[in-house]
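Visitor: Going by the UniProt record's numbering, the first residue of the sequence shown is number 1, and it counts up by one from there.
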Amino acid sequence: MRIGILQCGQSPAQLKRDLGDYPDMFVRLLAGRGFDFTTWHVEGMEFPQDIHDADGWLLTGSRHGAYEDHAFIPPLEDFIRRVHDAGVPMVGICFGHQIIAQALGGTVVKHPGGWAVGAQDYDFGGQPVTLNAWHQDQVVALPPGAQVAGRNAFCENAALIYGDRAFTVQAHPEFGDDFIQGLMDTRAKGVVPDDLLAGAAARMGQADGASLLADRIEAFFKQPRALARADKGAA
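#1: Since G114 contacts Q138 with CB under 8 Å, what's their CB separation in whole angstroms?
#2: Who are the Cβ neighbours of K16 in its own chain at under 8 Å, not counting the five residues just before and after it?
#3: Looking only at C-alpha atoms, which of V117, Q7, A31, T38 sits nearest to V183?
#4: Inspect the beta-carbon positions of P89 and F220 and report whether they are closer than 8 Å.
#5: In terms of residue numbering, what span does the beta strand (DSSP E) encompassing K110 cover?
#6: Using the Cα positions of residue 243 and D55, report the straight-line distance between them to the nearest angstrom.
#7: What is the rounded straight-line gap between the Cα of D50 and the Cα of A198?
#8: From the DSSP output, in three-state form, read off residue 248 for me.
#9: Leaving out five residues on either side along the sequence, give the residues of the same chain with a beta carbon under 7 Å from the beta carbon of I100.
The following block contains the structure:
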């Protein structure tokens, strides 16, 4: 199964050499699960020619806000809507979670409650899951057809499911502790409050839910979809 990675941002230059860029992290997260990957750097205005250039789409994180004025956002939203309408599966992580919601009619804002940084505890339908997070923006109004699949007290819409068409997560199952530490060293000073950084440092090693999320992403991509098959056959 070919997964098209839509790269919406870039790893900090100081971290990219040793820890890789965002697509590299997803390839590692989903390794050994029968996927092949092709990346389009949509932040750099590199888009697929067709929604069926991959069997499923994965949208990465980004330092940008979904609501900000960037050239790549309108065509990305259009692509998301076309993929959704055709029933081709999408997975969105952090910014990907937010831009899918916004493209389909939801609302994303800079959360007045501030940041989530490092290991965070979530409830995924009664199953506790701890994942690394790095965000201030949140989805605050759901688009039509979206249902909450994961939440905590700070982030009520921490994971969303759109039937068999999209599965999105605010946290970062692809971020290891080394990358969180790198972000704390390169992007956090003067931006993220010191008490949150101290709390994230104290919880290093506790975000153990990445494999569980990888299982869920794999299962979501591989479930049968009659609409996508019919649409592709008619194209």
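A virtual CB, placed ideally from N, CA and C, is assigned to each residue, including glycine.
Guide: According to the structure shown:
#1: With 8 Å as the limit, G114 and Q138 do not qualify as a contact, their Cβ atoms being about 10 Å apart.
#2: Q10
#3: The question names Val, yet the displayed sequence has Leu at residue 183. That would be V117, whose Cα lies nearest to the Cα of L183.
#4: yes
#5: 107-110
#6: Residue 243 lies beyond the range of the chain shown here (1 to 235); nothing can be said about it.
#7: 45 Å
#8: There is simply no residue 248 to check, as the chain begins at 1 and stops at 235 in what is shown.
#9: L59, I80, M90, G92, A166, T168
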